[in-house]
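For reference, the structure discussed in these notes is given below.
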Amino acid sequence: MFKVGVDVGGTFTDVLLVDTKSSSFFTSKVPSTPEDSSQGVLNGIKKACELANVDMADIEVITHGTTVATNAILTGKGAKVGLVTTKGYGQVLQIARSYVPGGLGGWLYYQKTPPLAPLEFTIEADERMGADGEVVRGLDEAALRTSLEGLKNKNIEALTICLINSFSNDAHEKRIREIASEVMPDIPASISSEVIPELQEYERTVTTVANSYVRPEVEKYISNLEAEFSEKMNGASLSILRSDGGLATAPSAANFPVNLLMSGPAGGVSGAIWVGEQAGINNVITFDMGGTSTDVALIENGQALVRRETTVGDVTVRASALDVRSIGAGGGSIAHVPELTKALRVGPESAGAVPGPAAYDKGGENPTVTDANVVLGYLPENQKLGGDMNIRKDLAEKAVQKVADALGLTVNEAAEGIVKIVNERMFGAVRLVSIEKGYDPRDFSLMAFGGAGPLHANALGELTQSWPVIVPPGPGILCAYGDATTRLRNEASKTIIVNMKNADGSKLSEDLGELAKSAGDGLTMSGSNDAVNLDTKTLEYRYEIDIRYSGQGLVLTVPVSLDDIKAGKFDTVAQDFDEMHEQLFTFRLDAEKEFVNLRAIVLGPPSDVELSDSGEASSGTVEDAAIMDHEIFHNGELHKAKVYDRAKLDPGHIVNGPAVITEMDSTTVVFPGHEAKVDSRRNLLLSPKS
Amino acid sequence: MHEKILETNPTPYNRLEVDPITLDIIENALRNTREQMDATLFRTAMSPGIREQGDAFPMIANVDGKMVVGQFGSFIHGFMEAFEGTIEEGDMIFTNDPYSCGGAVSHLNDYLVIKPVYKDGRHLCWAAHFGHMTDIGGRAPGSLPNEAREIFEEGVAVPPVKVFRKGELQDDIIKIVLRNSRMPHWNEGDFKGVIAACNIAERRCIEMAERFGDDVFYSALDELLERNCRAMQKLILETVPEEVQTFEDYICDDALGSGPYKIKCSMWREGEKVIFDFDGTDPQSPGSINFLLNEEMFKMFCGTFMISAFDPQILFNDGFYDYMDVRIPEGSLLKPRRPAALSCRTHALGRIFDVLSGLLGQGNPDFLCGAGFSDSPHFMYSGYDKNGEWYQLYQIGFGGIPARPIGDGPDGHSLWPGFKNVPNEFLEAYFPLRIETYESITDSGGAGYHRGGNGIRMGYRFLEDGEISIHDDRWLTYPWGVNGANPGLRSTKELVRATGETEMLPSKCDRFEVKSGDILYFNTWGGGGVGDPLTREAERVLQDVHSGLVSPEAAHDIYGVVIADGAVDEAATEALRAEKAADKSEAKLFNFGDELEELRANCLAETGLEPPAAPDFSKSRLAAE
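Each protein sequence line maps, in turn, to chains A and B.
For the record, in the first sequence the residue sitting at position 203 is 1532 according to my numbering, with numbers rising by one throughout.
For the record, in the second sequence the residue sitting at position 298 is 300 according to my numbering, with numbers rising by one throughout.
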């Protein structure tokens, strides 16, 4: 069977074509086509098929990570969303959580972005539910109709209904949707109790609104893709990568696009999980460094941690996402020295794709992290980025010289400073997902990927002591590997709030069972026109409960067994929670616990794609892979180094540092005193020389 | 202070030259550590006050007690001066008594924990944290009695004691304070969170010293202080004139029927040094609005204000303290004598920021903001529910951020760092009440070229008989506007009884009885505006009108914008604006609304409340002499 994984990035679209029978892989990298990403996707698939000599029509499965939803929010190009709130709550998005970022005085320079549903498109419904689900005041339908008519005249493109306490009783939301479908039959309406039936009115509203906001863009994109695929590939099945690292069937993705906001970063983590599995390494910290940002995540026993919120720009929604920490620093981050403090700062400004780093010779003049890498020799001049870009060391040096002059350092010292500062920020991100969660990074391997990850891999390894540091094959397109190798997933949750000691196990297990059904239905879209044909016997179910000490605000998510819950055996659950609390926060409390949210997760069958084990010894030697002699600057000194071609390195080879290993879309630096070993799956494993 | 700190390893530190890159790396690592302290506490705390509203502040200081990272500046030096006895490895000091620590914390609710960090028997640095406990006893639920006249009425005061002695928890102390709280389980959770955060800071600092070397870590902290100092020196020279600038603002009343109380500050520069002199500030109040202002803390406020505008990436620290001199008269509202009550100091603490803003802005009108949401309104509701269970809510309110030179002030937001509102659904799930209205108040933000943020109207419907306490201000004086803008609207508190009767409640009151079915409208004030409202782009005014943030009447009368059929009538607007501009007198730098005498005269008619009597300082003046 032929499977395709596609990852659309800002600059390039990466495609991985897998022949699952023979475990052969073919990759292609083509320019992204931002005006209509589906063009780039098709170009990439076509190119990979040519390389593999495969007929496009033979492709059966396409899995895809996309930033369409994310970009709609970041660029403010989503739908005109109308909002219906409970009377007295029309400004729920305007007031938000009243939070002003920055420290004392942060308000002096805080610029708030306008809400995704503008106040002028917000109407209030005269109705009220109590926290316990009781109707306090019935819905004034006549008044609502009038308000909806007014909204209709403002040409909204989507409607969102989010009422107070609807997590405990959705009757009014549903009734309003019915009325709306009469008043404006062509406008899609969504209700918060379906998208996210959880407590906290702002979070529920912003999540539901964000869903509506990105939906038209995502729907259009998916239907474009499906049309192309059905024409050229006999309707190969399409799945989209969710923020939580699972796959959504195309119709499910189109209906709940709020689950796709972190689709991009999730691809890399999914890829890392798979590569780690293949290499027999199940505890991994991922380090995905690109041009403008770097993503870090922790994988324990082959599973990434999932967080119950997703943040894009200023918007934080309640949707599960892999716990990926992003920092706004990457190869394009600009270094500068403020006059006032004479401190060396890197970022937050980035040179972006245009003009890009000075070394790219596209008009950039500011010193970037990439330029510093060029100056230090980590990124050799003959390296072609993405195959067609030249690097000019003289321009990089000229740019970095500005920083050197401001600090009174040599250009090499300044460049090394820039790299060290940015490494320290990366290290901060690694700490966030590891040490601060009670994990010791020394128990993990760092996996470096993305365009710039392998350049900084050795340095990060020294900081985190997460040896060996893994540079997977094709580090620039690991996301596409992730897309192709993860499994279908959906989840459903709801808020209950019940003290553990009063909880009724059989009622809870009933609720969990219903959630499981609803998650399964959401996955297959059963009952809708778009129903997906899937053998339900292949599905796997998991259950979780969000728990806290009575009175705490934040919850910890504890996996539970349905049988234990049904039997009312809460002791093990309580124990798991206490242990988790202690691991995270160094102490536990002798306090009552409460169940806050129930959640069921449904998973499709696991991937059958494997990396071939090319274990046979190679006939060539390491020296056959050497391209040229070179110099790198490290720890204040110049070192003689060799440049190697990764394509010519075979399993069992060991490259001794100082060295630079180049491949199509990435470069790995090996420092003095370190070595890079090629394992049986062709990963580079960096570690200090024994 | 060093002689009070016992070390088993007396080797002195070596002050080394730290290269700028290492310095920046350590700066980043310290910043991360501070964020981690916050995260630990916020996630584990029990009370909504800390965990949602973030009323807690961490700090790391060098061996001399100077804050290297943190929020409110260091108090360790003053604290150690007052501390009797010695400190050893494994000790952790706890206090909540402002009078025992030179105002390091300024009311009893703030539990302060200080940990000397040791490495290999040597004192390496300090970690400290304080958080606001919901209830510590005293005469009113929430332990912030408006009507207290002595600190003895405000809860249990703990002078500096060792809550850990050589690593051993002194459980007795915790038992005593918890026994005196109406909300012991919240206090316990919050207190443990504060302690955990300090322990985490300790671990990180030791790791940093291990990684870079003890001497490098020690020297880097010093160097960070010096770097900050150099930056502040420049700022002081550039922004503070030599001639004396003076600014006054007020606390409206003291909950005992007197007010307003004046806070006056003068500022000038002598060479490289800036002097802040609070001479002319009113004497201390017999009530609880006194604010024991720690001089070092005030320096931090200033530094923060000045630095926010320039290199916001800079790590605030104590390095510049020698270049600021703060003079506060003894026996004044800002330096009261024990046993003056202190619990409701938040009004003065907030107002200090308006005073600062006005002072620093006079010489730099381009940087001038409107009067802030310069307080932290509190609301409390407590009693026994139908099942006989005690409930007690303590909530912090938000309002209009003032307009800034960079744009409008956000509506209904927080000026305090890290604070968030509590979700209303959470309140309704855990307390016997419903929030029936939660919106910003149209036209409450001061009109200007940049509009002040609107205040919030929060309608609490009570579902049980109980008692409420209110803490707010700016009900008499206005949040002023600047550079030709209007002030924001003042705050009000309106109680609508289930029977339909309406009464205005004072902005400060304790244990006021409410019945099931009553609604309290807790209305906070708006931020002051910046610049002439007649110059605001008509499209922006139109947008505000469509959004319901500004009324059509205000758009016409104050902004001079004529709206017809949902669009701006350009010609009519131009004419109206020209007419209004001609009528306008010369724009003042500050627009305070009415003069004090007028405020008093119109008080009853405008606010529904009797004006406060002028404070009688005859007794406190004697005390001050």
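For every residue, glycine included, the Cβ atom is placed at its ideal position computed from N, Cα and C.
Which residue's Cα is closest to the Cα of residue 1881 of chain A: B:53, B:146, B:25? To locate residue 1881 of chain A, count along the first sequence from 1; it is residue 552. Minimum Cα-Cα distance from residue 1881 of chain A among the listed residues B:53, B:146, B:25 corresponds to B:53.
State the CB to CB distance for the pair residue 414 of chain B and residue 428 of chain B, rounded to an integer number of angstroms; the pair is presumed to be in contact (CB under 8 Å). In the second sequence, residue 414 of chain B corresponds to position 412, counting from 1. In the second sequence, residue 428 of chain B corresponds to position 426, counting from 1. The C-beta distance from residue 414 of chain B to residue 428 of chain B rounds to 17 Å, too long to meet the 8 Å contact threshold.
Please list the residues of the stretch 1757-1768 of chain A that have a C-beta atom closer than 7 Å to any C-beta atom in chain B, keeping them in chain order. For the stretch 1757-1768 of chain A, the set of residues with a beta-carbon nearer than 7 Å to any beta-carbon of chain B comprises 1757, 1760, 1765, in chain order.
Output yes or no for whether 8 Å exceeds the beta carbon distance between residue 216 of chain B and residue 15 of chain B. For the purposes of this step, residue 216 of chain B is identified with residue 214 of the second sequence, where counting begins at 1. For the purposes of this step, residue 15 of chain B is identified with residue 13 of the second sequence, where counting begins at 1. The answer is yes: Cβ separation under 8 Å.
Buried or exposed: where does residue 1632 of chain A fall if 16 or more other Cβ atoms within 10 Å of its Cβ makes it buried? Within the first sequence, residue 1632 of chain A is the residue found at index 303, counting from 1. Under the 10 Å beta carbon count, residue 1632 of chain A is surrounded by fewer than 16 other beta carbons and is classified as exposed.
When you compare only the Cα positions, how much space is there between residue 1780 of chain A and residue 1693 of chain A? Stepping through the first sequence from its first residue, residue 1780 of chain A is reached at position 451. Stepping through the first sequence from its first residue, residue 1693 of chain A is reached at position 364. Near 19 Å, if we compare the C-alpha coordinates of residue 1693 of chain A and residue 1780 of chain A.
So, do the stretch 1334-1342 of chain A and the stretch 1365-1382 of chain A have three or more beta carbon pairs nearer to each other than 8 Å? Touching, yes, given that three or more Cβ pairs across the two stretches are closer than 8 Å.
Mind listing the chain A neighbours of residue 30 of chain B? Cutoff is C-beta to C-beta under 7 Å, in chain order. Along the second sequence, one-based indexing puts residue 30 of chain B at 28. Chain A residues near residue 30 of chain B: 1753, 1754, 1757.
Contacts around residue 1436 of chain A, its chain only, beta-carbon distance under 7 Å, and the 5 residues preceding and following it disregarded: As a position in the first sequence, residue 1436 of chain A is number 107, starting the count at 1. Hits under 7 Å: 1429.
Helix, strand or coil: how does DSSP classify residue 1974 of chain A here? Numbered from its first residue, the first sequence carries residue 1974 of chain A at position 645. Reduced to three states, the DSSP call for residue 1974 of chain A is strand.
DSSP bridge partner residues for residue 461 of chain B (one or two, in chain order): Within the second sequence, residue 461 of chain B is the residue found at index 459, counting from 1. The secondary-structure analysis by DSSP pairs residue 461 of chain B across a beta bridge with B:439, B:523.
Out of B:233, B:333, B:236, which one is the CA nearest neighbour of residue 281 of chain B? The residue given as residue 281 of chain B occupies position 279 in the second sequence. For residue 281 of chain B, the closest of B:233, B:333, B:236 by C-alpha to C-alpha distance is B:333.
Contacts of residue 416 of chain B in chain A (Cβ-Cβ under 7 Å): Residue numbering aside, residue 416 of chain B sits at position 414 when the second sequence is read from its first letter. Within 7 Å Cβ-Cβ: 1427, 1428, 1429.
Hey, residue 1729 of chain A and residue 1769 of chain A are a contact pair by Cβ (cut 8 Å); roughly how many whole angstroms apart? As a first step, residue 1729 of chain A must be located in the first sequence, where it is residue number 400. As a first step, residue 1769 of chain A must be located in the first sequence, where it is residue number 440. Between residue 1769 of chain A and residue 1729 of chain A the Cβ distance is about 36 Å, and since that is not below 8 Å, they are no contact.
Closer than 8 Å to chain A by CB, residue 423 of chain B: Translated into the one-based positions of the second sequence, residue 423 of chain B becomes position 421. Chain A contact via Cβ: present.
What are the residues in the stretch 1426-1459 of chain A lying within 8 Å of chain E by C-beta distance? No chain E appears in this structure, whose protein chains are A and B.
Ranges of the alpha helix (DSSP H) found wholly within the stretch 237-314 of chain B, counting only runs of at least 4: If we require 4 residues or more, the alpha helix (DSSP H) runs fully inside the stretch 237-314 of chain B come out as 297-310.
Residues that residue 431 of chain B contacts on chain A, provided the C-beta gap is smaller than 7 Å: On the second sequence, position 429 is the one that residue 431 of chain B refers to. By Cβ distance, chain A contributes 1460, 1528, 1826.
Local conformation of residue 597 of chain B per DSSP, three classes: Reading the second sequence from its first residue, position 595 is the one you call residue 597 of chain B. Three-state result, residue 597 of chain B: coil.
Would you kindly work out how many angstroms separate the C-alpha atoms of residue 1878 of chain A and residue 305 of chain B, rounded to a whole number? Mapped onto the first sequence, residue 1878 of chain A falls at position 549. Mapped onto the second sequence, residue 305 of chain B falls at position 303. The alpha-carbon of residue 1878 of chain A is positioned some 39 Å away from that of residue 305 of chain B.
What residues match up with residue 394 of chain B in a beta bridge as DSSP calls it? Position 392 of the second sequence, counting from 1, holds the residue named residue 394 of chain B. For residue 394 of chain B, the beta-bridge partners assigned by DSSP are B:384.
Paired residues, beta bridge with residue 1926 of chain A - DSSP: The count along the first sequence starts at 1 and reaches residue 1926 of chain A at position 597. Its beta-bridge partners are A:1824, A:1875.
Sort B:210, B:13, B:469, B:436 by Cα distance to residue 143 of chain B and report the nearest one. Translated into positions along the second sequence, residue 143 of chain B becomes position 141. The shortest Cα separation from residue 143 of chain B among B:210, B:13, B:469, B:436 belongs to B:469.
Could you tell me how far apart the beta carbons of residue 521 of chain B and residue 432 of chain B are, in whole angstroms, since I believe they sit closer than 8 Å? Along the second sequence, read from residue 1 onward, the residue named residue 521 of chain B stands at position 519. Along the second sequence, read from residue 1 onward, the residue named residue 432 of chain B stands at position 430. Between residue 521 of chain B and residue 432 of chain B, the beta carbon gap of about 19 Å keeps them out of contact (Cβ cut-off 8 Å).
Going along chain A, which residues have a C-beta under 9 Å from residue 526 of chain B? On the second sequence, position 524 is the one that residue 526 of chain B refers to. Residues of chain A passing the Cβ test: none, with the nearest at roughly 11 Å.
Is it right to say residue 1532 of chain A is buried, meaning 16 or more other beta carbons lie within 10 angstroms of its own, or is it exposed? As a first step, residue 1532 of chain A is located in the first sequence; it is residue number 203 there, counting from the start. Per the 10 Å Cβ criterion, buried.
Let me see if you follow: with CB-CB separation under 8 Å, is residue 400 of chain B close to chain A or not? Counted from its first residue, the second sequence places residue 400 of chain B at position 398. Yes - at least one Cβ of chain A is within 8 Å of the one on residue 400 of chain B.
From the beta carbon of residue 616 of chain B, is the nearest beta carbon of chain A less than 8 Å away? Indexing the second sequence from 1 puts residue 616 of chain B at position 614. At a cut-off of 8 Å, the C-beta of residue 616 of chain B has no neighbouring C-beta in chain A.
Return helix, strand or coil for residue 111 of chain B, following the three-state DSSP convention. Within the second sequence, numbered from 1, the residue matching residue 111 of chain B stands at position 109. Look at residue 111 of chain B here: in three-state DSSP terms it is coil, with no helix or strand label.
Residues near residue 1452 of chain A by beta carbon distance below 6 Å, same chain, minus five either side: Counted from its first residue, the first sequence places residue 1452 of chain A at position 123. Excluding residues within five positions, the ones whose Cβ falls inside 6 Å are 1413, 1476, 1480.
Quick check on DSSP: helix, strand or coil for residue 1340 of chain A? As a first step, residue 1340 of chain A is located in the first sequence; it is residue number 11 there, counting from the start. DSSP places residue 1340 of chain A outside both helix and strand once states are collapsed to three, so it counts as coil.
Using three-state DSSP, classify residue 2009 of chain A as helix, strand or coil. Along the first sequence, one-based indexing puts residue 2009 of chain A at 680. Note: residue 2009 of chain A maps to coil in three-state DSSP.
Under 8 Å between C-beta atoms, does residue 406 of chain B make it to chain A? Here residue 406 of chain B refers to the residue found at position 404 when the second sequence is read from its first residue. Residue 406 of chain B counts as touching chain A.
If you count every other CB in all the chains shown that lies within 10 Å of the CB of residue 1760 of chain A, and 16 or more means buried, which is it? For this step, residue 1760 of chain A is matched to residue 431 along the first sequence. By the 16-neighbour rule on beta-carbons within 10 angstroms, residue 1760 of chain A is buried.
Beta-carbon gap between residue 1623 of chain A and residue 1656 of chain A smaller than 8 Å: Counting from 1 along the first sequence, the entry for residue 1623 of chain A is found at position 294. Counting from 1 along the first sequence, the entry for residue 1656 of chain A is found at position 327. Yes; because the gap between Cβ atoms is below 8 Å, this pair is in contact.
Could you work out which residue in B:403, B:451, B:458, B:298 is closest to residue 444 of chain B when comparing CA atoms only? Counting from one through the second sequence, the residue named residue 444 of chain B turns up at place 442. Between residue 444 of chain B and the set B:403, B:451, B:458, B:298, the nearest pair of CA atoms involves B:458.
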